[in-house]
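Chemist: I'd like to ask some things about the structure below.
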DNA sequence: TATGAATGAGGCTTCATTCAT
DNA sequence: TATGAATGAAGCCTCATTCAT
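Below, the structure written as structure tokens:
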């Protein structure tokens with residue numbers, strides 16, 4: 295076989311890196327940073343232990359990269375929120391549903407775990423601060439204000455209302471709901487926090 | 295000089311055990327089971343690492359004991375809830391405030407962390423199952439029903455309502471609130487989930 | 295460069311395991327189970343301490359494996375004894391010489407030490423019982439009986455005679471003879487225990 | 295109560311020291327030097343762990359003292375052997391029986407274990423050399439010579455004969471005989487090594 | 001690039017020894 | 001003198017990381 299050219303190699307590199315990041319997301323979310331062994335990541339990714347180190351210089355760097363990319367993804371998705379249609383209630387509902395969506399669970403869990411667990415690389419913590427919930431709230435604040443103006447939402451400091459509301463959604467996102475009898479609270483129930491009547 | 299008598303020694307032993315349990319509660323809650331090193335516990339308790347093992351046969355046993363005692367304490371406190379005074383709203387408010395109280399935070403965080411972290415002694419997990427949130431809900435269900443009968447609370451399956459409500463309170467309990475701009479959501483806001491109007 | 299193939303890896307693994315077992319035989323025989331530190335084994339084997347644990351799950355398992363294999367080897371060698379040539383005297387002499395042979399010393403010492411030392415993994419003790427001296431004696435009993443019938447050996451309970459004789463050989467085997475002035479008793483002298491005149 | 299006077303105190307000291315030495319003899323003989331924990335000695339002696347250190351500066355010193363005293367005792371007993379009555383055969387028989395006597399077993403086992411186990415204080419090893427089997431043999435050599443002159447014993451280098459004979463008796467002494475089917479070899483059988491016909 | 005054997009720092013645990021009482 | 005709680009060095013073991021192939 296002829297050797298791969300530079301571009302092909304780069305594609306392979308990217309694929310491998312993505313494969314490792316996906317595997318480690320799964321394992322970190324489940325076992326936490328210290329509870330996750332590089333062997334678990336390798337085995338989840340179906341590669342050898344040593345190979346991780348061709349793509350990431352350490353477990354810590356892998357973790358940092360992962361967190362940072364998750365935050366960037368989240369942040370990027372938020373940018374699209376402006377274009378949301380419907381009433382403030384419907385807009386917040388859409389955001390909430392998106393946050394609670396199964397597909398985003400691991401990322402949220404990981405981010406949240408990271409927030410709580412101090413036994414993690416400092417750089418990850420710094421990233422968290424940078425992309426913290428405030429960004430989300432800043433973006434959504436106008437919707438809250440509009441909701442209050444139209445009388446749909448409770449009247450109180452909109453910053454606080456938004457901050458509290460997303461703290462709660464965030465917290466809920468982290469739970470293991472699979473085994474619970476009634477599953478995750480419905481979005482409608484959650485939104486009673488915001489919605490008058 | 296004469297040696298300490300049996301009773302004095304027992305007091306010392308009890309004190310030390312308590313000291314170690316308190317220190318480890320703090321550290322386990324903050325760093326998780328695997329993130330917590332025995333050296334951290336020792337240093338938090340102000341003792342040598344070896345001393346831990348005169349009181350607990352292993353890090354795991356210490357953890358199990360801790361979880362079990364926290365659950366027993368929680369369970370014992372719940373037994374007192376029957377005697378709560380006031381309207382259903384006021385009663386649930388009291389329970390919620392108790393759960394969110396700073397003094398109980400570490401315990402809640404630890405229990406919650408344990409629920410999620412798979413990298414944890416099995417015995418602790420079993421204990422968690424035994425004393426799980428269901429107990430709390432079973433005890434409080436009558437209050438919810440009364441609240442619905444009196445028209446104070448939303449009308450829907452009271453089990454689900456209670457389950458969801460306490461899941462949310464539980465989740466909130468786990469967060470680090472110290473640094474957040476608006477702190478923890480107020481109980482009144484939370485209770486909008488339950489309270490009509 | 296391509297990685298090693300499966301077969302090559304298995305060869306390496308076998309070699310390492312053997313290397314570790316040989317080193318530990320030497321050290322265990324010399325210092326006893328508790329007197330042997332994993333660092334001594336590693337250093338004797340010329341490897342790092344951690345590597346031991348890729349081949350054996352613990353010091354105890356290494357010890358058990360070692361004992362079991364030595365017993366199996368010994369047992370296998372005994373099966374060949376039937377084919378011994380010569381008079382009963384010559385046959386027992388051959389067996390005795392084999393037992394006292396330098397090459398088998400460490401194994402005998404280890405087994406014997408294990409028999410006496412109570413501070414030893416239970417599984418090893420159980421193995422010892424299974425493969426105990428009785429097997430040897432059962433196999434050789436016919437030779438003793440023939441020796442008595444031909445008038446070569448003393449006439450007494452052949453079981454007891456055999457049992458005592460091999461107890462003595464066993465005991466002798468365990469001694470450090472290197473430094474003693476006259477070395478190990480000669481086989482001829484030992485066999486006076488058996489041989490009339 | 296009036297304080298004890300100096301002499302009484304010294305008696306108590308001696309008693310305690312003896313108590314500790316007896317207990318440690320039992321435990322060292324059973325578990326070996328490294329397998330013996332100071333807690334085992336304390337518990338066997340019925341005293342607290344710390345007390346050992348008022349009488350012996352370390353586990354090592356206790357062990358050395360023990361070995362040395364055992365050797366001195368043995369040596370002292372040997373001095374009485376001159377006065378033994380009877381034929382050389384009867385005299386050696388008496389010595390052998392004394393060595394194999396149950397009451398002396400622990401001491402012999404300990405000394406023998408010490409001989410083999412390198413994981414022991416060096417001073418003990420030195421003591422062993424000083425009081426080694428040679429002393430015994432030197433004392434008994436005349437008896438062997440007389441036995442050969444009278445035609446009772448085999449004719450060969452009497453030093454070697456004695457050395458080998460007592461090596462064998464020594465080795466036998468160390469075995470655990472309690473569980474063996476036929477027990478320890480009888481003295482008569484052993485003495486066939488020496489006795490013509 | 002890919003593998004997995006090998007290393008070694010660091011964690012958990014034991015236990016000889018010290019120390020407050 | 002006697003006790004047993006406390007210490008800390010050292011042992012067993014794990015696992016992130018390196019390296020030979």
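Residue numbers (the working numbering), protein chains in the order written: chain A, 295 to 491; chain B, 295 to 491; chain C, 295 to 491; chain D, 295 to 491. No residue lacks a Cβ here, since even glycine has one placed at the ideal position from N, Cα and C. Source: prediction; values computed, not measured.
If you draw a straight line from the alpha carbon of residue 328 of chain B to that of residue 328 of chain A, how long is it in whole angstroms?
Modeler: Rounded to the nearest angstrom, the two C-alpha atoms are 6 Å apart.
Chemist: Among B:440, B:367, B:467, which has the Cα closest to the Cα of residue 382 of chain B?
Modeler: With distances taken between Cα atoms, residue 382 of chain B lies closest to B:440.
Chemist: Whose CA, out of D:482, D:444, D:458, D:345, lies closest to the CA of residue 312 of chain D?
Modeler: The residue with the shortest Cα to Cα distance from residue 312 of chain D is D:345.
Chemist: Specify the secondary structure class of residue 490 of chain C as computed by DSSP and reduced to three states.
Modeler: DSSP places residue 490 of chain C in coil when its eight states are reduced to three.
Chemist: From which residue to which residue does the alpha helix (DSSP H) around residue 341 of chain B run?
Modeler: That residue, residue 341 of chain B, is in no alpha helix (DSSP H); it is neither H nor E in DSSP.
Chemist: Going along the region 348-372 of chain D in order, which residues come within less than 9 Å of chain C, judged by CB to CB distance?
Modeler: The region 348-372 of chain D vs chain C, Cβ under 9 Å: nothing.
Chemist: Using a threshold of 9 Å, state whether the C-beta atoms of residue 446 of chain B and residue 387 of chain B are closer than that.
Modeler: No.
Chemist: With a threshold of 9 Å between beta carbons, is residue 326 of chain C in contact with chain D?
Modeler: At least one chain D Cβ lies under 9 Å of residue 326 of chain C.
Chemist: Given a cut-off of 9 Å, decide if residue 437 of chain B and residue 385 of chain B are closer than it, judged by their beta-carbon atoms.
Modeler: Cβ atoms of residue 385 of chain B and residue 437 of chain B: closer than 9 Å.
Chemist: Which first and last residues belong to the alpha helix (DSSP H) in which residue 353 of chain B is found?
Modeler: Its alpha helix (DSSP H) spans residues 353-373.
Chemist: Determine the direct distance from the alpha carbon of residue 322 of chain D to that of residue 304 of chain D, and round the result to whole angstroms.
Modeler: Their Cα atoms are separated by approximately 26 Å.
Chemist: Which residue's Cα is closest to the Cα of residue 371 of chain B: B:393, B:408, B:324, B:480?
Modeler: If we check each option's Cα against that of residue 371 of chain B, B:393 comes out closest.
Chemist: If I measure Cβ to Cβ from residue 457 of chain B and keep anything under 7 Å in the same chain, skipping five residues before and after, which residues do I get?
Modeler: Around residue 457 of chain B: 431.
Chemist: Less than 9 Å between CB atoms is the rule here; does residue 393 of chain A satisfy it with respect to chain B?
Modeler: For residue 393 of chain A, the answer is no, since every Cβ of chain B falls outside 9 Å of its Cβ.
Chemist: Give the range of the alpha helix (DSSP H) segment to which residue 479 of chain A is assigned.
Modeler: It is not in any alpha helix (DSSP H) - residue 479 of chain A carries neither H nor E in the DSSP assignment.
Chemist: Enumerate in chain order the residues of its own chain whose CB-to-CB distance from residue 338 of chain B is below 7 Å, with the five nearest sequence positions on each side excluded.
Modeler: Only 317, 320, 321 meet the Cβ criterion.
Chemist: So with CB distances below 9 Å, who are the chain C contacts of residue 449 of chain D?
Modeler: Within 9 Å Cβ-Cβ: nothing; residue 449 of chain D doesn't reach chain C, min ~13 Å.
Chemist: Do you know whose CA, among D:464, D:340, D:350, D:308, lies nearest residue 389 of chain D's CA?
Modeler: Comparing Cα positions, the closest option is D:464.
Chemist: Please report the Cβ distance between residue 375 of chain B and residue 435 of chain B, rounded to the nearest whole angstrom; I am assuming they are in contact, meaning their Cβ atoms lie under 8 Å.
Modeler: In fact, because the Cβ distance is near 11 Å, the residues do not count as touching under 8 Å.
Chemist: Under the assumption that residue 315 of chain C contacts residue 332 of chain C (Cβ atoms under 8 Å), give the Cβ distance between them as a whole number of angstroms.
Modeler: At roughly 14 Å, the Cβ-Cβ gap does not stay under 8 Å, so residue 315 of chain C and residue 332 of chain C are not in contact.
Chemist: Please compile the residues from chain B whose C-beta is within a distance smaller than 7 Å of the C-beta of residue 479 of chain A.
Modeler: 458, 461, 462, listed in chain order.
Chemist: Can you name, in chain order, every residue of its own chain whose Cβ lies under 7 Å from the Cβ of residue 343 of chain C, other than the five neighbours on each side?
Modeler: The residues are 332, 333, 336.
Chemist: Using a Cβ-Cβ cut-off of 9 Å, state whether residue 435 of chain B counts as contacting chain A.
Modeler: Closer than 9 Å: no.
Chemist: Taking the alpha-carbon positions, what's the residue 356 of chain A to residue 350 of chain A distance?
Modeler: Between residue 356 of chain A and residue 350 of chain A, the C-alpha separation is close to 6 Å.
Chemist: Between residue 420 of chain B and residue 479 of chain A, what straight-line distance do the alpha-carbon atoms span, to the nearest angstrom?
Modeler: The alpha-carbon atoms of residue 420 of chain B and residue 479 of chain A are separated by roughly 25 Å.
Chemist: Using a Cβ-Cβ cut-off of less than 8 Å, give me the residues of the region 304-329 of chain D that come near chain C, in sequence order.
Modeler: Taking 8 Å as the Cβ-Cβ cut-off against chain C, the residues of the region 304-329 of chain D that qualify are 324, 325, 326, 327, 328, 329.
Chemist: For residue 399 of chain C, go through chain D and note every residue whose CB falls closer than 9 Å to its CB, in chain order.
Modeler: What residue 399 of chain C touches in chain D: nothing, since even the nearest Cβ is about 12 Å away.
Chemist: Hey, out of D:452, D:347, D:400, D:459, whose CA is closest to residue 365 of chain D's CA?
Modeler: Closest option to residue 365 of chain D, Cα to Cα, is D:400.
Chemist: To the nearest angstrom, how far is the alpha carbon of residue 461 of chain B from that of residue 442 of chain A?
Modeler: Cα to Cα, residue 461 of chain B sits roughly 27 Å from residue 442 of chain A.
Chemist: Would you say residue 404 of chain A faces chain B, with C-beta separation under 9 Å as the test?
Modeler: By this cut-off, residue 404 of chain A is not an interface position.
Chemist: So with CB distances below 7 Å, who are the chain D contacts of residue 483 of chain C?
Modeler: Within 7 Å Cβ-Cβ: 458, 487.
Chemist: Hey, does residue 295 of chain A have any beta-carbon neighbour from chain B nearer than 9 Å?
Modeler: Residue confidence is low: residue 295 of chain A scores 46 on pLDDT, short of 50, so the model does not pin down where it sits. Its coordinate-derived value is still stated next. No, residue 295 of chain A does not count as interfacial toward chain B.
Chemist: For residue 309 of chain C and residue 402 of chain C, what's the separation of their Cα atoms in angstroms?
Modeler: Approximately 23 Å, taken between the alpha carbons.
Chemist: So which residues on chain A does residue 384 of chain B lean against when the C-beta distance must stay under 8 Å?
Modeler: Neighbours of residue 384 of chain B on chain A: none; closest Cβ ~19 Å, over 8 Å.
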